[in-house]
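> Mind having a look at this structure? Questions to follow.
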Amino acid sequence: MDPRLTRAQYELLFARPELSPDQWARGLANAIARGNTTLLQVVPARDPLGPEIAGLVDSLRLTVPAPGWRLEVAGVSASAIDLTRSLYGGFPYVVALILATTYGLLFLTFRSVLLPLKAVLMNLLSLGASYGALVAVFQMGLLSGLPAPFAFPQMGYVEATLPILLFCTLFGLSMDYEVFLLSRIREEFLATGDNSRSVTVGLQASGRVITGAAAIVVAVAGSFSLAADVVQIKALGLGIALAVLVDATLVRGLLVPATLHLLGAWNWWLPSWLVRVFGPSTGVHSGFATVHGQVTEGPRVDGGATDQVPLPTGSVR
61 MDPRLTRAQY ELLFARPELS PDQWARGLAN AIARGNTTLL QVVPARDPLG
111 PEIAGLVDSL RLTVPAPGWR LEVAGVSASA IDLTRSLYGG FPYVVALILA
161 TTYGLLFLTF RSVLLPLKAV LMNLLSLGAS YGALVAVFQM GLLSGLPAPF
211 AFPQMGYVEA TLPILLFCTL FGLSMDYEVF LLSRIREEFL ATGDNSRSVT
261 VGLQASGRVI TGAAAIVVAV AGSFSLAADV VQIKALGLGI ALAVLVDATL
311 VRGLLVPATL HLLGAWNWWL PSWLVRVFGP STGVHSGFAT VHGQVTEGPR
361 VDGGATDQVP LPTGSVR
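Structure follows, in structure tokens:
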């Protein structure tokens, strides 16, 4: 405000701006006041998307105006805060629903209590690696000093829609690889009853399929991250490429087989009461070992001995 002008002069300027001889004053008055609406601009001294500004926006919205007045808060900061809260208000429920649905479908497919849980945890591990990479690259500027086209701009934040898009995309994509691997391992286990052999044969049989599919996804998503000029597309491509690369190598190639070996017979554990509720395994072929209450002739391996895995107490073979 100009201290040379009195309050009465300001009231006259905003009430009748057309009477002012100064064109700049008339333009300012028309820009910030019109009719019964007045615009007040607040310029934050800190990060406009930081937590301090979010507190400021909330404080302004809680301010009680004078009788007959109504206070509205808008702008870039307020819009970004509203968008983030609207996106993530119900996101935890969506995540819980997806995790529960995935667990249920895998349980019905593999007739196991622990295998679906392990699959969900491994998928979350790949997703966490992708989230961490986005924070390191776009928020902390880890790759900002590289030459083009390998340089990524440091934004100081991660765009609000990216975690949701990556979760929806990567969770289903990673679960495909898990189903490929576990299906082949289960087929071998039903045929031999040998957990260690099943893991080895399953990994060997599905490894090329998983590696080839992952290589295609990494190449396509990586091209988005390198060729695109839009930061959101670059971040989405980088997140997908890194997550699939980690998932197909470290997770499916090392962690999943190692976990299956360590769990041993617990991989195929199913309590008796769940067998009575959902029924036994339906995938029975000639020569299968007894699985979940289905008794068949065991295969002859190791010099004629039947190699079956002793399941934990309370399960049904």
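For the sequence shown, position 136 matches number 196 in the working numbering, and the numbering has no gaps at all. Cβ coordinates follow ideal geometry from the N, Cα and C atoms, glycine included. Keep in mind it's a predicted model, so treat the numbers as computed, not measured.
(1) Over what stretch of residues does the alpha helix (DSSP H) that includes Ser146 continue unbroken?
(2) Assuming Phe231 and Gln214 form a contact by the criterion Cβ under 8 Å, report the distance between their Cβ atoms to the nearest whole angstrom.
(3) Answer with buried or exposed for Val117, where buried requires no fewer than 16 other C-beta atoms within 10 angstroms of its C-beta.
(4) For the stretch 253-294, which segments carrying the alpha helix (DSSP H) assignment without a break, of at least 4 residues, lie completely within its bounds, in sequence order?
(5) Kindly indicate which three-state DSSP category Ala208 falls into: helix, strand or coil?
(6) Would you mind listing the alpha helix (DSSP H) stretches within the stretch 174-256 that are 4+ residues and don't spill past its ends, in chain order?
(7) With DSSP run on the structure shown, which of helix, strand or coil describes Ala325?
(8) Quick one: what's Arg94 bridged to in DSSP?
(9) Taking Cβ to Cβ, would you say Pro77 is nearer than 8 Å to Asn96?
(10) Quick check on the burial criterion: 16 or more other C-beta atoms within 10 angstroms. Buried or exposed for Trp333?
(11) What do you reckon, are the CB atoms on Trp329 and Val180 nearer than 8 Å?
(12) Quick check on Pro331: does DSSP put it in helix, strand or coil?
(13) How long is the line joining the alpha carbons of Trp185 and Leu310, rounded to whole angstroms?
(14) What number of angstroms, rounded off, separates the C-alpha of Gln69 from the C-alpha of Ser80?
(15) Could you name the residues of the same chain whose beta carbon sits closer than 6 Å to that of Arg64, not counting the 5 residues immediately before and after it, in chain order?
(16) Whole angstroms are fine: how far does the CA of Tyr217 sit from the CA of Gln292?
(17) Assuming Tyr237 contacts Ile276 (C-beta within less than 8 Å), just tell me the rounded distance between them.
(18) For the candidate residues Thr221, Ser258, Phe210 and Leu233, whose alpha-carbon lies nearest to that of Arg244?
(19) If we ignore side chains and look at the alpha-carbon of each, how far apart do Phe170 and Val239 end up?
(20) Taking just the CA atoms, how far does Gly135 sit from Leu263?
(21) For Ala189, tell me which candidate among Val316, Gly299, Tyr148 and Leu314 has the shortest Cα-Cα distance.
(22) Count the other CB atoms within 10 Å of the CB of Asp254; is the residue buried (16 or more) or exposed (fewer)?
(23) Could you check where the alpha helix (DSSP H) with Glu112 kicks off and where it finishes?
(24) With 16 as the cutoff for other CB atoms within 10 Å, does Glu112 come out buried or exposed?
(25) Could you tell me the alpha carbon to alpha carbon distance between Ser285 and Gly192, rounded to whole angstroms?
(26) Between the C-alpha atoms of Gly313 and Arg106, what's the straight-line distance to the nearest angstrom?
(27) Does Pro152 pass the burial test, meaning 16 or more other C-beta atoms within 10 Å, or should it be called exposed?
(28) To the nearest angstrom, how far is it from the Cα of Ala140 to the Cα of Leu296?
(29) Can you tell me whether DSSP reads Ala349 as helix, strand or coil?
(30) Less than 8 Å separating the beta-carbons of Leu175 and Leu226?
(31) Out of curiosity, what's the CA-to-CA distance linking Glu71 and Ala93?
Well, looking at it:
(1) Ser146 -> alpha helix (DSSP H) spans Val136 to Tyr148.
(2) The pair is not a contact, with the Cβ atoms about 28 Å apart (cut-off 8 Å).
(3) Answer is buried; the Cβ neighbour count reaches 16.
(4) Fully enclosed alpha helix (DSSP H) runs of 4 or longer: 255-287.
(5) Of the three classes helix, strand and coil, the one that applies to Ala208 here is coil, per DSSP.
(6) Runs found: 174-194 and 222-252.
(7) Of the three classes helix, strand and coil, the one that applies to Ala325 here is helix, per DSSP.
(8) Paired residue(s): Thr97.
(9) No.
(10) Exposed, because fewer than 16 other Cβ atoms sit within 10 Å of the Cβ of Trp333.
(11) In this structure, Trp329 keeps its C-beta atom at 8 Å or more from the C-beta atom of Val180.
(12) Pro331 falls in the strand class under three-state DSSP.
(13) A small correction: the amino acid at residue 185 is Leu; Trp does not occupy that position in the sequence shown. Using only the alpha carbons, I get a separation of about 10 Å.
(14) As the crow flies, the alpha-carbon of Gln69 is around 10 Å from that of Ser80.
(15) No residues qualify anywhere along the chain.
(16) If you take the alpha carbons of Gln292 and Tyr217, they lie about 12 Å apart.
(17) Tyr237 to Ile276, Cβ: 12 Å. No contact.
(18) Nearest to Arg244 by alpha-carbon distance, out of Thr221, Ser258, Phe210 and Leu233, is Ser258.
(19) Looking at the two C-alpha atoms, the distance is approximately 10 Å.
(20) Linking Leu263 to Gly135 through their CA atoms gives a straight-line distance of about 54 Å.
(21) Per the Cα distances, Gly299.
(22) Counting other Cβ atoms within 10 Å of its Cβ, Asp254 reaches 16 or more and is therefore classed as buried.
(23) Note, Glu112: alpha helix (DSSP H), Pro111 to Leu122.
(24) Residue environment analysis places Glu112 among the exposed positions, since fewer than 16 neighbouring C-beta atoms fall within 10 angstroms of its C-beta.
(25) Answer to the nearest angstrom: the Cα atoms are 16 Å apart.
(26) Straight through space, the alpha carbons of Arg106 and Gly313 are spaced by roughly 46 Å.
(27) The residue in question, Pro152, is exposed, as its Cβ has fewer than 16 Cβ neighbours within 10 Å.
(28) Annotation: Ala140 to Leu296 spans about 19 Å, alpha carbon to alpha carbon.
(29) The pLDDT assigned to Ala349 is 38, lower than 50, so where the model puts this residue is not dependable, and the model offers no usable value.
(30) It is not a contact, given that the beta carbons lie outside the stated cut-off.
(31) In this structure, the straight-line span from the alpha carbon of Glu71 to that of Ala93 is close to 11 Å.
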